[in-house]
C-alpha cells in the first residue's frame, strides 16, 4: 500500500522555503522526546487522573514498547490503529510507532463498527490497539466481530484490560532491558507519513488525512507562539487525543514547549472544573461547546478555575454574548477564537497579542508563513468583505486523503490553495470570519440564507441552551428554515411564535425566520464538539415525509 510523498504535495521550492524559514525542521518526534528527557528528565509531562509519566519515563517506556511492537511484527510503514480514551498510553504508543517508522491511525472512541471497519480497511491496519470496555461499550467484542472482514489485521492489543483470547495485553509488549538500536531500526523521518487522522464525521464517511511530523509539528510550534506558551504552562485537554485537536494541542504542543498536559478520558464539565483546580492547568483548546458547558455548571463557591489563563475555542465561531459571559464568570480567562481543519491543523487563529475584540468579530488570521484566501467557485480570490470559500496554503497541509485521489485533487484552486468548504469573509487586515458551510445554507425560493446569522442571534436568547438551524425540504420553495432548540432546564416558554418575535425584533428579515421548531433534549455532536447537521437534516426530512 503506497501513499503520497511530501514531494507529491509540495514543490521543491516550497520545501526549501519551509526548512530555511524554520517552519519545518529535521527533528523527528523521537528526537524531541529525547531532548526533553535529557533536559527535563524528572518533570511530569502527562497525567490522566490515574497515570502520570515524566519526560524520562515517556522516553524509556516508549523505547521498550517500540521493541515489543517490532517483535510483534510491526515494520516501517505499517499502520497501527489506536482506539482508546484520552489516556497517557496514547503518547507511549505514538512515540513508539514513530521510533520504528510505523504510522499511527487514531480512531475516536465514539466510532463504532461501521466507521471502525471502514477505517481499518481503508488504512490497511495491521495491528489494532484498543481498550476492553469503556463507558458501557465492549470494544473487544466489536473488534472480534470485525476480524474476519479485515484480512490485513493480524493482531489485537488491549490496553488496561484483562488478558483475553486472541488479544495481546498491552503491558506484555514492554520489553525488558535496554532496547537494541539495531532491532528498532530508524525512526520516521520528519517528512515521512507519521499519522492518518480521519475526519470527525459531520458528513457521511470519514476521510483519512495523511500527515507528517513536520505538517503537525509546524502547527504546534506556531500555535505555541500565538498562545504565548511557555514551559510553565499545563495544558488542559478535554478533547479526544485521537483527533487532530487532541493530538496537536494535547500532545505535541506541550511536548515541544517543555510543558505539561492533563488529559480527560471523557468530558464532563464538573469533573473538568475539578481537574483544572487539582492539576493547576493554564491553557485549553477545545470546541466552543466545552467552555459553554463548563460555564453552565460553574459555581464560584465550589470551583476554582483561577489557574486558567487562556481558553481557545475552535470548531464554531464565538458569539459576542458568549465572550461577554466568559469575561463575567471567569475574569482571569482570555478567550481566543481558532478555526482549523483536520486537513491543515489551523487555518486561522486569534492570538494573545491581538485586540480582544478580534475574537468576537473574527476567527483570526493565518499564522506566520501560512496563507489564507477567500475564493469564489472558480477558486479565485474575492474582494474583502465578500463571502466565499475559505482556502488555505502552507506548511501544515496533509499530503492527501488516502486512496481518494479525486477528492484530494478537488481540494485545490488554480493557485494551489486548499478549499475548505467553509464559507467566510476576510477584512482588509486578513482576519477571517466563518459564516457557515457551503452545504450549510438554506436556499429558500432561490434566496441563500446563512444559518450562522440566525444561530448567532439566538445565542443571546435567555431560554436557549443550544440551537442549530438546518434546511428542510419544501415542494414549493425547495427549502425552508428549520430550527432545533435545546431549551434551558425547566424553560417551557420556547415556541415558534416567541422565537419569531425575538428574531424580528432584532432585525432578522422575515424570509430568514424559522418556519418550524423542533424541541430536543440534545443535539447530535461529534467527539470534537461539532454539531452533526447532516443527521438533523435527515431527521427532519424523514419526519416531514411521514406526516
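Residue numbers (this note's numbering): 387 to 933.
From the three backbone atoms N, C-alpha and C, an ideal C-beta is built for every residue, glycine too.
Of all the beta strand (DSSP E) runs that stay within the bounds of the region 399-436, which reach a length of 3 or more residues? Whole beta strand (DSSP E) segments, 3+ residues: 430-433.
Report all residues from its chain with a CB closer than 6 Å to the CB of residue 774; omit the five preceding and five following residues, and keep chain order. Along the chain shown, read from residue 1 onward, the residue named residue 774 stands at position 388. For residue 774, same chain residues with a beta-carbon under 6 Å away, outside a window of 5 residues either side, are 760, 761, 762, 768 in chain order.
Grab me the residues of residue 736's own chain with a C-beta within less than 6 Å of its C-beta, minus the 5 sequence neighbours each way, in chain order. As a working note, residue 736 is residue 350 in the chain shown. If we look at residue 736 and ignore the five residues flanking it on each side, its Cβ neighbours are 722, 723, 744, 745, 750.
Indicate whether the contact test is met: 3 or more Cβ pairs, each with one atom in the region 468-488 and one in the region 616-630, closer than 8 Å. As far as the Cβ criterion goes, the region 468-488 touches the region 616-630, which means the pair count is three or higher.
Taking Cβ to Cβ, would you say residue 852 is nearer than 8 Å to residue 922? For this step, residue 852 is matched to residue 466 along the chain shown. For this step, residue 922 is matched to residue 536 along the chain shown. Residue 922 is positioned such that its CB atom lies no closer than 8 Å to that of residue 852.
Cutting at 7 Å between CB atoms, please list the residues of its own chain near residue 610, excluding the five before and the five after it. The residue given as residue 610 occupies position 224 in the chain shown. These residues qualify, in order along the chain: 639, 642, 643.
Compute the minimum distance between the beta carbon of residue 769 and the heavy atoms of the ligand SAH, and state whether it is under 7 Å. What this structure holds is no ligand at all, so the ligand SAH is not there to describe.
Give a yes or no on whether the C-beta atoms belonging to residue 826 and residue 837 are separated by under 8 Å. Translated into positions along the chain shown, residue 826 becomes position 440. Translated into positions along the chain shown, residue 837 becomes position 451. If you check the CB distance, residue 826 and residue 837 come in under 8 Å.
According to DSSP, residue 865 sits in a beta bridge with which residue or residues? Walking along the chain shown from the start, residue 865 turns up at place 479. Per DSSP, 859.
Run the CB neighbour count on residue 587, radius 10 Å, all protein chains shown included, and call it buried at 16 or more, exposed below. Locating residue 587 in the chain shown gives position 201, where the first residue counts as 1. Note on residue 587: pLDDT 48, under 50, position unreliable in the model; the coordinate value appears next. Per the 10 Å Cβ criterion, buried.
So, with DSSP's three-state summary, where would you put residue 623? Locating residue 623 in the chain shown gives position 237, where the first residue counts as 1. DSSP places residue 623 in the strand class (E or B) of the three-state scheme.
Contact check, residue 373 vs residue 501, beta carbons under 8 Å: Because the chain in this structure spans residues 387 to 933, residue 373 falls outside the shown range and cannot be described.
How about residue 455 and residue 486: are their beta carbons less than 8 Å apart? What you label residue 455 is simply residue 69 of the chain shown in a count that begins at 1. What you label residue 486 is simply residue 100 of the chain shown in a count that begins at 1. Result yes, Cβ atoms of residue 455 and residue 486 sit closer than 8 Å.
At the level of alpha carbons, what is the spacing between residue 589 and residue 564? Counted from its first residue, the chain shown places residue 589 at position 203. Counted from its first residue, the chain shown places residue 564 at position 178. Only weak support exists for where residue 589 lies, its pLDDT of 45 falling under 50; the value from the coordinates is given anyway. When rounded, the separation of the alpha-carbon atoms in residue 589 and residue 564 is 46 Å.
Per DSSP, residue 732 forms a beta bridge with which residues? Locating residue 732 in the chain shown gives position 346, where the first residue counts as 1. DSSP lists 726 as partners of residue 732.
Just to confirm, is the Cβ distance from residue 850 to residue 871 under 8 Å? Reading the chain shown from its first residue, position 464 is the one you call residue 850. Reading the chain shown from its first residue, position 485 is the one you call residue 871. For residue 850 and residue 871, yes; Cβs fall inside 8 Å.
Can you pull the DSSP bridge partners for residue 774? Indexing the chain shown from 1 puts residue 774 at position 388. Paired residues: 810.
If you draw a straight line from the C-alpha of residue 845 to the C-alpha of residue 708, how long is it? In the chain shown, counting from the first residue as 1, residue 845 sits at position 459. In the chain shown, counting from the first residue as 1, residue 708 sits at position 322. For residue 845 and residue 708, the distance between alpha carbons rounds to 8 Å.
Are there 16 or more other CB atoms within 10 angstroms of the CB of residue 572, so buried, or fewer, so exposed? Within the chain shown, residue 572 is the residue found at index 186, counting from 1. Exposed, since its Cβ has fewer than 16 Cβ neighbours within 10 Å.
Separation of residue 657 from residue 665, as counted between CA atoms: The residue labelled residue 665 in the question sits at position 279 within the chain shown. The residue labelled residue 657 in the question sits at position 271 within the chain shown. In a straight line, the C-alpha of residue 665 is about 12 Å away from that of residue 657.
DSSP three-state label for residue 332, please. Residue 332 lies beyond the stretch modelled for the chain, which goes from 387 to 933, so this question has no answer here.
Ordered along the chain, which non-local residues of its own chain (more than five positions away) have a Cβ less than 6 Å from that of residue 415? For the purposes of this step, residue 415 is taken as residue 29 along the chain shown, with counting starting at 1. Once the five neighbours on either side are set aside, the close Cβ partners of residue 415 are 484, 599.
Does the beta-carbon of residue 607 have 16 or more other beta-carbons within 10 angstroms, so that it is buried, or is it exposed? Taking the chain shown and counting its residues from 1, one reaches residue 607 at position 221. Under a 10 Å Cβ-count criterion, residue 607 is classified as buried, with 16 or more other Cβ atoms of the shown protein chains found around its own Cβ.
By Cβ distance below 8 Å, which residues in the same chain neighbour residue 645 in space, the five residues on each side in sequence not counted? To locate residue 645, count along the chain shown from 1; it is residue 259. Counting only Cβ-Cβ distances below 8 Å, and skipping sequence neighbours, we find 615, 616, 617, 618, 619, 620, 621, 639.
Whose C-beta lies closer than 7 Å to the C-beta of residue 843 among residues of the same chain, with five residues either side of it excluded? In the chain shown, residue 843 corresponds to position 457, counting from 1. Sequence-distant partners of residue 843 (beyond 5 residues in either direction) whose C-beta falls short of 7 Å from its own C-beta, in its chain, are 889, 892, 894.
Under a Cβ-count criterion, where at least 16 other Cβ atoms within 10 Å of its own Cβ denotes burial, should residue 578 be classed as buried or exposed? Your numbering for residue 578 matches position 192 in the chain shown. Buried.
Residue 638: first and last residue of the uninterrupted beta strand (DSSP E) it sits in: For the purposes of this step, residue 638 is identified with residue 252 of the chain shown, where counting begins at 1. Going by DSSP, residue 638 is part of no beta strand (DSSP E) at all; its letter is neither H nor E.
Residue 403 versus 909, 525, 755, 917, residue with shortest Cα-Cα distance: As a position in the chain shown, residue 403 is number 17, starting the count at 1. Selection 909, 525, 755, 917 evaluated against residue 403 yields 755 as nearest (Cα-Cα).
Can you check whether the CB of residue 821 is closer than 8 Å to the CB of residue 809? For the purposes of this step, residue 809 is taken as the residue at position 423 of the chain shown. For the purposes of this step, residue 821 is taken as the residue at position 435 of the chain shown. Yes.
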